[in-house]
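One structure below.
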Ligand code: PLP
């Protein structure tokens, strides 16, 4: 352990990502976490933290779930080939069958890759091949990964603009504002779009929920126009919303369902999609099409064995628990929001919640009176709250596209009492409002604020 920790910051800074290290230091997050168990992480000083982000929805059963660790040991004990290319991967077939049993006949064919972005690439290729069309609609505020195809559908300029995009990708508004529905329908009716790519909840976009019924309207339009509805459940899937996948309570079935992250318990990388035999055959009808899309480690033995066991553990009892515990968390957060002027809004369902923070607007030292634009003050506030929570032993983080929103996205096995402790800690932190304003106001802290503003990319690089 000593070897692992000594020089760790310098190594990361020198050999991996100096800007990441700089950001962690500037904002006050810098800690090393050599061990993790269940819903807790332990830092290098032996201090324990309650984890409320679960690897952005990747460790839904908690870190190093004993059943999954045992599944890895059991699988390896049989000395299987870790993967094969000239014969079927045996565990891949079993995982695909287990998924089909949970998803039904219209999503019974699976493709496995190694990450979310790769899974999105596979889904887009299936839609292009099946429709022989070359355009894609995606949603502003969406997040589908950082490989070039997925990045072309990135709903935030900051991440997309520095790189070339695929032609034919067009953004539309997410969620169903009435004046925007017509626009989407008109576009889809041109029958020029291969796919409509969307998340059921935009988590990285700030935990944005669509209007009830919007996605089923989109699904009907897609069906009528021969467009593939690709639903990205990479972060919402595997129990996060209280269903195995969020769409299962939304009144429609996508043409292509994309998953990754928590499917293999966050232990072995995996990604993939499920679709119907009809979509699959339409995309890949000829004998020579069998390898039009594949990847070396996709469907490998360990990932698939652990994923199959994860699906078994993500049973109805766990899903019901997510709904109950999640509802109580939502109630607690809403009560807090009603009493705290620093919370603009609380949004979410199941065990995914976003807390939108608003900077203080009254009192002697508001950010505005200090000449700090409100948008920057809100981001500084969100990071300041996250850092104060970290100091109290709770791990939260802002969402990627909207850094004014704190996500609460714990492992699904978290206890209600642990969540209650977190909400109390958040309450105490928000009551330190005066400390935030003096933090921004004091000369030294101004410097930190300026460095923080740079780390938050408020000035051009
Ligand atoms: N889609 C969604 C909704 C995600 O949240 C993410 C990652 O956060 C991705 C796609 C990309 O997944 P990966 O990071 O495994 O490529």
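In this note's numbering, the protein residues as written are 9 to 469.
In this text, a Cβ means the ideal position worked out from N, Cα and C, and glycines have one as well.
For this session: Please confirm whether any heavy atom of the ligand PLP lies closer than 7 Å to the CB of residue 151.
Result: Stepping through the chain shown from its first residue, residue 151 is reached at position 143. In terms of side-chain proximity, the C-beta atom of residue 151 is found nearer than 7 Å to a non-hydrogen atom of the ligand PLP.
Exercise. How many angstroms separate the CA atom of residue 132 from the CA atom of residue 399?
Worked result: As a first step, residue 132 is located in the chain shown; it is residue number 124 there, counting from the start. As a first step, residue 399 is located in the chain shown; it is residue number 391 there, counting from the start. Straight-line Cα distance between these residues: approximately 43 Å.
Exercise. Is it true that the stretch 218 to 230 meets the stretch 242 to 253, where meeting means three or more beta-carbon pairs spaced less than 8 Å apart?
Worked result: Here the stretch 218 to 230 makes no contact with the stretch 242 to 253; the two share fewer than three CB pairs at distances below 8 Å.
Exercise. At which residue ranges does the stretch 372 to 447 contain complete beta strand (DSSP E) runs of 3 or more residues, listed in the order of the chain?
Worked result: Scanning the stretch 372 to 447 from its first residue to its last, the whole beta strand (DSSP E) runs of 3-plus residues come out as 413 to 416.
Exercise. What number of angstroms, rounded off, separates the C-alpha of residue 12 from the C-alpha of residue 53?
Worked result: Residue mapping note: residue 12 aligns to position 4 of the chain shown, counting from 1. Residue mapping note: residue 53 aligns to position 45 of the chain shown, counting from 1. Residue 12 and residue 53: Cα-Cα distance of roughly 13 Å.
Exercise. Cβ of residue 234 less than 8 Å from any chain B Cβ?
Worked result: Any reference to chain B falls outside this structure, which holds one protein chain only.
Problem set entry | C-alpha gap between residue 92 and residue 380, whole angstroms | Position 84 of the chain shown, counting from 1, holds the residue named residue 92. Position 372 of the chain shown, counting from 1, holds the residue named residue 380. Answer to the nearest angstrom: the Cα atoms are 57 Å apart.
Exercise. Between which two residues does the beta strand (DSSP E) carrying residue 31 extend?
Worked result: On the chain shown, residue 31 is found 23 positions in, with the first residue counted as 1. Element bounds for residue 31: not the beta strand (DSSP E) but the alpha helix (DSSP H), 26 to 35.
For this session: Take residue 303 as the anchor and find which of 266, 129, 153, 263 has the nearest alpha-carbon.
Result: Here the question's residue 303 lines up with position 295 in the chain shown. Of 266, 129, 153, 263, the residue nearest in Cα terms is 129.
Problem set entry | For residue 226, the first and last residue of its enclosing alpha helix (DSSP H) | Locating residue 226 in the chain shown gives position 218, counting from the first residue. DSSP places residue 226 in the uninterrupted alpha helix (DSSP H) bounded by 222 to 233.
Problem set entry | Proximity to residue 430 [Cα-Cα], best of 23, 37, 397, 179 | Counting from one through the chain shown, the residue named residue 430 turns up at place 422. That would be 397, whose Cα lies nearest to the Cα of residue 430.
Problem set entry | Exposure of residue 15, with buried meaning 16 or more beta-carbon neighbours within 10 Å | Residue mapping note: residue 15 aligns to position 7 of the chain shown, counting from 1. The residue is exposed, with fewer than 16 neighbouring Cβ atoms inside 10 Å.
Exercise. Who are the Cβ neighbours of residue 201 in its own chain at under 7 Å, not counting the five residues just before and after it?
Worked result: Taking the first residue of the chain shown as position 1, residue 201 is located at position 193. 141, 143, 144, 145, 195, 235.
Exercise. Where residue 39 and residue 51 are concerned, what is the direct C-alpha to C-alpha distance, given to the nearest angstrom?
Worked result: Here residue 39 is taken as the residue at index 31 of the chain shown, counted from 1. Here residue 51 is taken as the residue at index 43 of the chain shown, counted from 1. Here the alpha carbon of residue 39 sits roughly 7 Å from the alpha carbon of residue 51.
For this session: Please say whether residue 413 and residue 390 have beta carbons closer to each other than 8 Å?
Result: Your numbering for residue 390 matches position 382 in the chain shown. Your numbering for residue 413 matches position 405 in the chain shown. Contact flag set, yes.
Exercise. Is residue 212 near the ligand PLP, judged by its Cβ being under 7 Å from some heavy atom?
Worked result: Indexing the chain shown from 1 puts residue 212 at position 204. Correct: residue 212 has its Cβ closer than 7 Å to the ligand PLP.
Exercise. Does the count of Cβ pairs from the stretch 283 to 292 and the stretch 78 to 91 closer than 8 Å reach three?
Worked result: Contact annotation: the stretch 283 to 292 does not touch the stretch 78 to 91, with fewer than three C-beta pairs closer than 8 Å.
Exercise. What is the DSSP secondary structure of residue 143, counted as helix, strand or coil?
Worked result: For the purposes of this step, residue 143 is taken as the residue at position 135 of the chain shown. DSSP, read as helix, strand or coil, puts residue 143 in strand.
Exercise. Which residue's Cα is closest to the Cα of residue 72: 278, 22, 45, 331?
Worked result: Translated into the one-based positions of the chain shown, residue 72 becomes position 64. Of 278, 22, 45, 331, the residue nearest in Cα terms is 45.
For this session: Check whether the Cβ of residue 269 lies closer than 7 Å to any heavy atom of the ligand PLP, and answer yes or no.
Result: If you number the chain shown from 1, residue 269 lands on position 261. Result yes, Cβ under 7 Å from the ligand PLP.
For this session: Return the first residue and the last residue of the alpha helix (DSSP H) that residue 309 is part of.
Result: Along the chain shown, read from residue 1 onward, the residue named residue 309 stands at position 301. For residue 309, the enclosing alpha helix (DSSP H) stretches over residues 309 to 321.
Exercise. What's the gap between the Cα of residue 199 and the Cα of residue 136?
Worked result: Working through the chain shown from its first residue, we reach residue 199 at position 191. Working through the chain shown from its first residue, we reach residue 136 at position 128. So the two alpha carbons sit approximately 13 Å from each other.
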